[in-house]
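Just so we're aligned, residue 121 is where the sequence shown starts under my numbering, counting upward by one. Following: one structure in structure tokens, then a few remarks.
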Amino acid sequence: MKIICVGRNYAKHAKELNNPIPKEPVIFLKPETAIPLKNHPFFYPEFSKDIHYEAEVVIRIKKVGKHIQKEFANKYYDELSLGIDFTARDIQEECKEKGLPWEKAKAFDGSAAVGKFLPKTEFKELNNLSFSLNINGEKKQEGNTSDMIFDIDSIIAYVSSFITLKIGDLIFTGTPAGVGPIAIGDNFEGYLENKKVLEISVR
Ligand code: MG
121 MKIICVGRNY AKHAKELNNP IPKEPVIFLK PETAIPLKNH PFFYPEFSKD IHYEAEVVIR
181 IKKVGKHIQK EFANKYYDEL SLGIDFTARD IQEECKEKGL PWEKAKAFDG SAAVGKFLPK
241 TEFKELNNLS FSLNINGEKK QEGNTSDMIF DIDSIIAYVS SFITLKIGDL IFTGTPAGVG
301 PIAIGDNFEG YLENKKVLEI SVR
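Right, here's the structure in full:
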């Protein structure tokens, strides 16, 4: 099982980090060990002083596929959730400056929090789905999949042209604007539309 993440998939978020708007999806991977153990908190890692939250819609692959055409991509997933792509922003900046890969900043243990999966049939339109993240009861980040630069089906088609997708693989589809630092003691709640699917705290 692998976790594929899309970076810079919302124009306003690309801008807030001074990144160009990409012409094709920016992708990177996290290992299975990035998913926090069930009911465990997110443990603030010692190697960073600037961990950020990035709330993202996550889809789960249900069928093996390679070179999937966009028009058939919707047959490869039927559940989605909200996840947090925890990012060591200080380490990522160092990596970017040096032109190095981002794994140290993105793929560490616990960096891929993901909520309960719901069937996609529970939502009217996946390309017009609102989602949000509360921290300590206050709304800190909200987005809508209609603002994605590359929609879910385009991402599946693109990723599968390089990497075979297998059952259970997760795709983090990118974060909207409004990312920010986390602190020990924070409590996160994630919503797809008005359905609460994620809850995790920081220790
Ligand atoms: Mg992200």
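No residue lacks a Cβ here, since even glycine has one placed at the ideal position from N, Cα and C. Keep in mind the model is a prediction, meaning the values are calculated, not measured.
So, are the CB atoms of Pro301 and Asp198 less than 8 Å apart?
-> no
Among His172, Ile124, Glu144, His133, which has the Cα closest to the Cα of Ile304?
-> His172
Would the C-beta of Glu213 count as close to the ligand MG, meaning under 7 Å from any of its heavy atoms?
-> no
From the DSSP output, in three-state form, read off Arg128 for me.
-> coil
Between which two residues does the alpha helix (DSSP H) carrying Val279 extend?
-> 272-280
Determine the contact status of Lys135 and Lys226, defining contact as a CB-CB distance below 8 Å.
-> no
So Glu258 is in the beta strand (DSSP E); what residue range does that whole segment cover?
-> 258-264
Best match in Gln189, Ala193, Ala233, Pro165 for proximity to Cys125 [C-alpha to C-alpha] = Ala233
Who pairs with His172 in a beta bridge, going by DSSP?
-> Thr207, Pro301
Using a threshold of 7 Å, is the CB atom of Phe270 nearer than that to any non-hydrogen atom of the ligand MG?
-> no
Can we say the region 249-266 touches the region 140-159, given the rule of at least three CB pairs closer than 8 Å?
-> no
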